[in-house]
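To start, the structure itself, in structure tokens.
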Amino acid sequence: MTTDELEKLLAQQPVALLHRLARGRVHRHFRAGKRRLIELLLQHSANNRAGFESDLLTLIGERQHQPAPPAAAQPAPRPHRTSTPPHGRRPHRAPEPESNEPGISLAEWLEGIGVPAPQPFVPDPWQIEALAALAETDVVVSVPTGSGKTYVAVEAARRAMDENRTVIYTSPLKALSNTKYTEFSKIFGVDRVGILTGDRQDNGQAPLLIMTTEILRNLLYDAASGEIDVRLDTLGLVIMDESQYLADPERGVVWEETIVFCPSQAKLLLLSASIGNPQDIADWLTSIRPTACRLVRHSKRTVPLRAGYLHPNGKLAPLFRTAGIPYGHPSHLHPEAKRLFREYEDDTQPSRHRS
Amino acid sequence: MPPSIHPVDLIATLRQKHLTPAIVFLTSRRACDEAMEAFDHAKTILPPARQEAIATALARVTEQYPSVAEHPLIPTVQRIGVAAHHAGHLPSWKIAVEELMRQGCLDAVFATTTLAAGVDFPARTVVITQSSIRKSRDFTDLTIGEVQQIAGRAGRRGKDHVGFAVITPSPYIDLGVLTKGLTGHPEAIDSQFTITYPMVLNLLKAHPHEQIQAILAKSFAQFQLNQRAEVLERKLDVVHEQMSPFGPRICTDWITQWHTFDQARRQKSHRHQTQRHEPPDVTARFHFLTPGRVIGLSRSRGIVLRQYRSKGQKSPMVTVLRPDGAVTECPAAIVSEVFDRHFDCEEAPTYPWCTAASFDELSYQLNELPTRLPVLPILVPKEAETIPDSIVQTLGDFPCPTCPSRPACQKDYVVASRLRQEQHRQMKSIQALRTSLWHRFQERVEALQRFGYLTPAAQLTADGDWARLIRIDHSLLITELIRAEAFTGAEPAVLTGVMASIAHDDDRPGAFPRISPGLSSLLGQVRKLAETLSPYEDPPLLRADVAALAERWIGDPNLTWIGLCRTTTMAEGDIYRLLARTLEFLSQLHTLKATHPGLADTASQAIALIRRGVLEELP
Chain L
1 MTTDELEKLL AQQPVALLHR LARGRVHRHF RAGKRRLIEL LLQHSANNRA GFESDLLTLI
61 GERQHQPAPP AAAQPAPRPH RTSTPPHGRR PHRAPEPESN EPGISLAEWL EGIGVPAPQP
121 FVPDPWQIEA LAALAETDVV VSVPTGSGKT YVAVEAARRA MDENRTVIYT SPLKALSNTK
181 YTEFSKIFGV DRVGILTGDR QDNGQAPLLI MTTEILRNLL YDAASGEIDV RLDTLGLVIM
241 DESQYLADPE RGVVWEETIV FCPSQAKLLL LSASIGNPQD IADWLTSIRP TACRLVRHSK
301 RTVPLRAGYL HPNGKLAPLF RTAGIPYGHP SHLHPEAKRL FREYEDDTQP SRHRS
Chain W
1 MPPSIHPVDL IATLRQKHLT PAIVFLTSRR ACDEAMEAFD HAKTILPPAR QEAIATALAR
61 VTEQYPSVAE HPLIPTVQRI GVAAHHAGHL PSWKIAVEEL MRQGCLDAVF ATTTLAAGVD
121 FPARTVVITQ SSIRKSRDFT DLTIGEVQQI AGRAGRRGKD HVGFAVITPS PYIDLGVLTK
181 GLTGHPEAID SQFTITYPMV LNLLKAHPHE QIQAILAKSF AQFQLNQRAE VLERKLDVVH
241 EQMSPFGPRI CTDWITQWHT FDQARRQKSH RHQTQRHEPP DVTARFHFLT PGRVIGLSRS
301 RGIVLRQYRS KGQKSPMVTV LRPDGAVTEC PAAIVSEVFD RHFDCEEAPT YPWCTAASFD
361 ELSYQLNELP TRLPVLPILV PKEAETIPDS IVQTLGDFPC PTCPSRPACQ KDYVVASRLR
421 QEQHRQMKSI QALRTSLWHR FQERVEALQR FGYLTPAAQL TADGDWARLI RIDHSLLITE
481 LIRAEAFTGA EPAVLTGVMA SIAHDDDRPG AFPRISPGLS SLLGQVRKLA ETLSPYEDPP
541 LLRADVAALA ERWIGDPNLT WIGLCRTTTM AEGDIYRLLA RTLEFLSQLH TLKATHPGLA
601 DTASQAIALI RRGVLEELP
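First to last, the sequence lines map onto chains L and W. Residues 1 to 355 (my numbering) are what the first sequence spells out, left to right. Residues 1 to 619 (my numbering) are what the second sequence spells out, left to right.
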């Protein structure tokens, strides 16, 4: 593509696309008008022409619902990202519905409600991938709530216990520890599961130990300062549930301490709800652990989610124009929901102004 | 129209559309309880078969956790098939509700958003009624991650084809927050790494001081700081590149060279404009010659009426009131003394430069002045011009005026010096990012050295060696209390009371059961100590009412759980959490049995006494 062609192509695009393209490339691009923006983009494109063009084509391709040309399908590789697993795509790339399309009807929205026929349990590909990766290295799992992280935890624990390794499972809350204790006792048998709290040990010699992260941190400190807990030598796997607690203002530090001091022969399995930067966590683990950490992420829910709006008078309407959640398009509200909510605001706001 | 949907109608609608079972997230515990009360008079009751199912399921849970049996919500739950689940309930009740939900006995559960992570059971539908959440006193908007965590409870794997998140408005809801939350990409998480005292002690126990920096470098905090530093480094590279045309010329560091030369040149040219031919002592004094000031002239004294500069020479002048009411103009140079005496003088724009009244007053005051007056000490600056002079003398030494690259230097100087400043700034911030953790660690080390837990060589002292075993919040306060022997001879009940008040960090108000004098005086000491430690550690709330509550539970072994709950307005879930946390703190004291056998013994007695009734049900 010559510069003239590129300029023409850019000029044909809507300004929103140009802004998306300029994100991270042009400083304060949102201040610029279209013509100035094109100028700035052209200036910038001189640095990395190929990457720029491929990004542009990707964006155009997405816009037109067409499969982009193969060369353009891959977004420009980020320099510090090492490995992107197949599930690592961003969730925003869902096809965009036409903005003037009328919303779906309530009946359509409610369609499919009910209980599926009982099926034999088949693990999802990401679950198999996570378990396979765990045989060799640490794994960070970041998937939406309710996708079946527990299955991965249980299977991983089973495999480690089959190799006569000790497994430690940590959760952020004592309440969750108790729930998991009951759950795991049912799966593995009461004598193979133990729980440790600050003041009590139930079956502390069991191969699968459940505790809060603070307790594990204390164990690791004791081991580091010489009061060796023999069990740490046989420790094969540490599962940290809800590891998005890493960002908790008060307790996050405990997760960091635990991960830093976790013995290197034990594998780490970090289970987390969807977070924005799981790759950072994986990169961090890669930098401090003996083997390169594997990130398993996906953003598609196992059970699809639909959003609705329920008016105080009992009227139900879909919240968005589409049946599913239009990821990346918060403004695609259903006209009915929009109307009802405006009505609600009109009814509730004036009283606030009057008082 | 009502501001929000009535709970009974809400459940009826959900049932009618087959959207049950549902979790209804409400703003507060109170909202959950009120929603349950709303069902007291509801007509729709469950068919007997389902009531049976609930009763048998509850009976099974009760076998394991007897405290469930007396729960006041049970009749409503059985009749209507809805329940409330929030932090104000006992854990056993929450387990019961979760179990009922898992077995599909319930149609809806009212829960608070605060514990969205603690709600570990899915449903077909999640009802969201608010867009903000109470976080330490004020409300903040839900983040995208939180909205998705809440909505994620909808849709049970294997039991539902689809899950539903239903938004129903209540006052102050912001629909935008929720729609963004549902459709958005969750936020990136950031490290919240802080360096705590037990961390320092434990690290220094296991590793020599010089290895610590490498250990801290392994934290996620440092990883993220490095990421930021890398961004800056990339910027720095750009600056370096931009600097390349301004590399070494005739002199290697021509930017500094030109900078000094330029400064010197400017200094010289300014000197002529600013210099006044007046001695520095006059300049210094002139500021003090304000209207109303008493001054000494060669023979007599006077009061300044105004100060001004003469028109032609701009020399400093004053108008002075003399003893006999005479008003004279004289140059400031002839003022021989400035006295430390000042009268109020109402200024006027025309002769005699003050109002008639204050003129009379001043004339009177002037005659009444004592013979000896203190002199105002005025600092006279040394010859300020000497430094520029020396530069000017060396101006000839600069090679610049005759240098062949002078025009180029002069032209590029502005751009180059700006770039270099930026370069320095970036380098400084990169340096700060790389070393900030280590500096914070050093601060903690210094504090611990001051208290005597560490030797000057950063080795653990005998005190440090046991203090590292206290790995809880407010550890410094607790170890200092132990060192001050505050707990020597304390009853288990008193020890528990103090630990409870240190452990409790909730500021919800509670009623005030009677507190024993021993505990109250000890608590006073603890408060005082916490106050003095506040520069090193945030003091805990140290509430007397929670201390008294914990003391009660220990002090009276016949006290039932119901009896304890009646002495306070705290919710039983909160009391449970208070005692559980106190247990954790006590068990930390119990680890000190090697060095403080008495204290450890009292702690284990207290632990044994706490663990009864409801507190024994769960590990």
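Just so you know, even glycine gets a beta-carbon here, dropped at the ideal spot from N, CA and C.
Any chain L beta carbon closer than 9 angstroms to residue i
i	result
F110/W	no
R612/W	no
G452/W	no
M101/W	no
Q224/W	yes
I95/W	yes
R552/W	no
E98/W	yes
L629/W	Residue 629/W is absent from the structure shown; chain W starts at 1 and stops at 619.
Q167/W	Rather than Gln, the amino acid found at residue 167/W in this sequence is Ile. With 9 angstroms as the cut-off, I167/W counts as an interface residue toward chain L.
R471/W	yes
M199/W	yes
D160/W	yes
V127/W	yes
G145/W	yes
P66/W	no
F441/W	no
Own chain, CB closer than 6 angstroms to residue i, minus 5 neighbours either side, in chain order
i	result
S45/L	F52
R581/W	A503
D340/W	P374, L376
Y65/W	S92, E617
E257/L	R217
A571/W	G88
CB contact below 9 angstroms: residue i versus chain W
i	result
P312/L	yes
Y169/L	no
R339/L	no
S83/L	Any reading at S83/L must be qualified, since the residue scores a pLDDT of 44, below 50, and its modelled position is unreliable; the value itself is stated next. Output row for S83/L: interface = no.
E214/L	yes
S105/L	no
A273/L	yes
F188/L	no
Rounded distance between the beta-carbons of residue j and residue i, thought under 8 angstroms
i	j	result
A490/W	E551/W	That belief does not hold up - the Cβ atoms of A490/W and E551/W are roughly 11 angstroms apart, past 8 angstroms.
P330/L	T179/W	4 angstroms
E337/W	I295/W	6 angstroms
Rounded C-alpha distance that separates residue i from residue j
i	j	result
L182/W	S132/W	14 angstroms
L305/W	T402/W	56 angstroms
T113/W	A484/W	43 angstroms
T3/L	I60/L	18 angstroms
A94/L	Y327/L	Residue placement at A94/L is flagged as unreliable, the pLDDT there being 44, under the threshold of 50; a coordinate-derived value is accordingly withheld.
S315/W	V327/W	19 angstroms
A247/L	I275/L	10 angstroms
E155/L	W126/L	13 angstroms
W561/W	V614/W	7 angstroms
L10/L	S429/W	38 angstroms
D406/L	R217/L	Residue 406/L lies beyond the residue range present for chain L, which begins at 1 and ends at 355; the question has no answer from this structure.
G292/W	E361/W	11 angstroms
Own chain partners of residue i with C-beta closer than 7 angstroms, once the 5 adjacent residues on each side are dropped
i	result
L476/W	Y197, L533, Y536, E537
L559/W	R552, W553
G696/W	Because chain W is modelled from 1 through 619, residue 696/W falls outside the range shown and cannot be assessed.
K235/W	Q426
H6/W	A38
P75/L	The pLDDT assigned to P75/L is 47, lower than 50, so where the model puts this residue is not dependable; a value taken from the coordinates is nonetheless given after this. D55, T58.
H259/W	S417
- Message: Measuring CB atoms only, is the segment 103–114 of chain W touching the segment 591–601 of chain W, in the sense that at least three cross pairs come out at less than 8 angstroms?
- Response: no
- Is the segment 291–302 of chain L touching the segment 135–142 of chain L, taking contact as three or more C-beta pairs under 8 angstroms? yes
- Query: Would you call the segment 301–319 of chain L and the segment 332–340 of chain L in contact, with 3 or more CB pairs under 8 angstroms?
  - Reply: yes
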